[in-house]
Amino acid sequence: MLAANPGKTPISLLQEYGTRIGKTPVYDLLKAEGQAHQPNFTFRVTVGDTSCTGQGPSKKAAKHKAAEVALKHLKGGSMLEPALEDSR
């Protein structure tokens, strides 16, 4: 899915997918830990009945990871499968 949509982040792809199915993704910060020079954040994203988490050294990276995991889960594990049909 990411390869089929160059330039789009997992967050934007998940937002488009959520809009398409009528369920907007909701992000929640679960944890912020570590020292100031080496933080670790954990975010959960929920789309309908599906919840996935992601961790990273920044809030942005953690949200990206959570969205990426959710996309893999929602699309049956294939990130190369197109998520959206071209609606032109």
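First residue of the sequence shown: 10, per our numbering; consecutive thereafter.
Note that beta-carbon positions come from the ideal geometry of N, C-alpha and C, so glycine has one too.
Among T55, P48, H73 and K81, which residue has its Cα nearest to the Cα of P66? Locating residue 66 in the sequence shown gives position 57, where the first residue counts as 1. Selected option, being the one with the closest Cα: P48.
DSSP bridge partner residues for A41 (one or two, in chain order): What you label residue 41 is simply residue 32 of the sequence shown in a count that begins at 1. Answer is F50.
Considering just the uninterrupted stretch of the beta strand (DSSP E) at S60, what are its terminal residues? As a working mapping, residue 60 is identified with position 51 in the sequence shown. Residues T59 to G65.
To the nearest angstrom, how far is the alpha carbon of G85 from that of K68? If you number the sequence shown from 1, residue 85 lands on position 76. If you number the sequence shown from 1, residue 68 lands on position 59. Whole-angstrom Cα-Cα distance: 26 Å.
Which residues mark the beginning and the end of the alpha helix (DSSP H) in which T33 is found? Within the sequence shown, residue 33 is the residue found at index 24, counting from 1. From DSSP, T33 is part of no alpha helix (DSSP H); its letter is neither H nor E.
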